[in-house]
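Numbering (this note's numbering), first residue to last: 2 to 91. Heads up, the beta-carbon is just placed ideally off N, CA and C, and yes, glycines get one too. See structure below.
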């Protein structure tokens with residue numbers, strides 16, 4: 002019933018439509034809904050924090066791998082230069 006009234010009142014007077022719906026809600030259900038929404042908000046905040054920490058860790062791991070790759074490239078280039086010099090001397 003409240004939702005039907007809401008559709009009639011909503012466009013012309015959103016505050017009145019909100020009050021119409023709010024006045025039909027059971028207080029216990031409203032408290033339960035607010036509690037669930039608060040828990041969801043806390044969960045989302047925790048999830049975002051975990052995601053941020055995971056992203057920071059992934060970036061650090063990536064940078065470490067890039068450093069290792071650059072080190073391997075440098076040592077491979079040094080070995081190639083040594084081998085080329087040995088070949089030229091031979």
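By DSSP, does residue i sit in helix, in strand, or in coil?
| i | result |
| --- | --- |
| residue 14 | coil |
| residue 26 | coil |
| residue 91 | coil |
Buried or exposed: which applies to residue i, given that a residue is buried once 16 or more other Cβ atoms fall within 10 Å of its Cβ?
| i | result |
| --- | --- |
| residue 76 | exposed |
| residue 18 | buried |
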